[in-house]
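See structure below.
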Amino acid sequence: MQGFIHSFETFGSVDGPGVRFVVFMQGCSMRCRYCHNPDSWKIRAGEPFEVSQVVERALRYRSYWGSEGGVTVSGGEALLQIDFVTELFEALKAEGVNTCLDTAGGPYRNNEQWLIKFDRLMKSTDLVMLDLKEMDSSAHKSLTGIGNEGILSCARRIDELGVKMWIRRVLVPGLTDREEELKALGDFVRSLKNVTRFEILPYHSLGMYKWEKLNIPYTLKDAQTPDDKEVERAYRLTGLKRN
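Numbering of the sequence shown is given in the numbering used here, commencing with residue 11 and proceeding in unit increments.
Printed below as a string of structure tokens:
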């Protein structure tokens, strides 16, 4: 079993609880307008690794993880390589390692073949960090290139399986900060039983240079980073507490 990997981060501090070894998988079918890693979009690019190679590399840093840290698999979109991620997580759990899946949920499908694979992955997943980019499917498609029906189903399935979730929203002024949208987001998150953390992440343009380097038009050049007052407004409209 080989996985195509974009890069590694050895001391991730925002990718789950504690200090994390982060595996960024290569490939993503979404085209989020504010993506800061467009170089991770291409499918079956990156560098091929076997599960045992990734486990060996990660365990070198185990002494830094403490009681809360572990390994996070991100992207790109990790679920595009679900078989590899599943074998990786199972191998890590055999070593007693905490596992976290960072996903936007785009590849999720409500069919029997997919659910068998997804449920198996969830058995070896301690935490899912799930991005809910838009509640309105049409607006979601405009923002990311796909609708959000499967993503919302993914959140519900994770919840049904009893796996802990952190829900995140990137706040882009004038785009993802509509009052009715944020209220709908809050309602949906409250409908889930296993959300232990909710975060609003202020939009930033730090990845714009990668778009320019790849000659991809960046459509949010005029978007501003929201200030603290705008972020607080967003939390207030969702009715969810700031962690």
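Even for Gly, the Cβ is constructed at its ideal location relative to N, Cα and C. Computed from a predicted structure; not experimentally measured.
The beta carbons of M132 and A194 sit no closer together than 7 Å. Collapsing the DSSP output to three states places S23 in coil. Note that the C-beta distance between N204 and D169 is below 7 Å.
Under DSSP, S17 shares a beta bridge with F34. Non-local beta-carbon contacts of L171 in its own chain, meaning distances under 6 Å to residues more than five positions away in sequence, involve M132 in chain order.
Counting only residues of its own chain and dropping the five nearest sequence neighbours on each side, Y245 has a CB closer than 8 Å to the CB of I210, K251, R252. Between T109 and A88 a beta carbon distance of about 11 Å is seen, past the 8 Å cut, so the two are scored as non-contacting.
Pairing R179 with L202 gives a Cβ-Cβ distance that is not under 7 Å.
Fewer than three beta-carbon pairs drawn from the region 95–102 and the region 149–169 are found closer than 8 Å, and the two stretches are therefore not classed as touching. If you draw a straight line from the Cα of E189 to the Cα of E240, it comes to about 12 Å.
Between V199 and the set D136, E191, I177, H214, the nearest pair of CA atoms involves I177. When DSSP states are grouped into helix, strand and coil, I126 belongs to the helix group. Taking C-beta atoms as the reference points, C45 and Y118 fail to come closer than 7 Å. T135 places its beta carbon 7 Å or farther from that of L102. Annotated three-state conformation of K220 is helix, per DSSP. The C-beta distance from F18 to V33 rounds to 6 Å, short enough to meet the 8 Å contact threshold. Judged by DSSP secondary structure, T96 falls within the alpha helix (DSSP H) whose first and last residues are 92–104.
Put simply, the backbone Cα of G37 is about 4 Å away from that of W51. Cβ neighbours of L69 within its own chain (closer than 7 Å, five residues either side excluded): E105. When secondary structure is reduced to three states using DSSP, M139 falls in the strand class.
I210 carries a strand assignment under DSSP once its states are collapsed to helix, strand and coil. The Cβ atoms of L181 and L247 lie no closer than 7 Å to each other. With respect to the C-alpha of S147, the residue from A55, F128, T186 having the closest C-alpha is T186.
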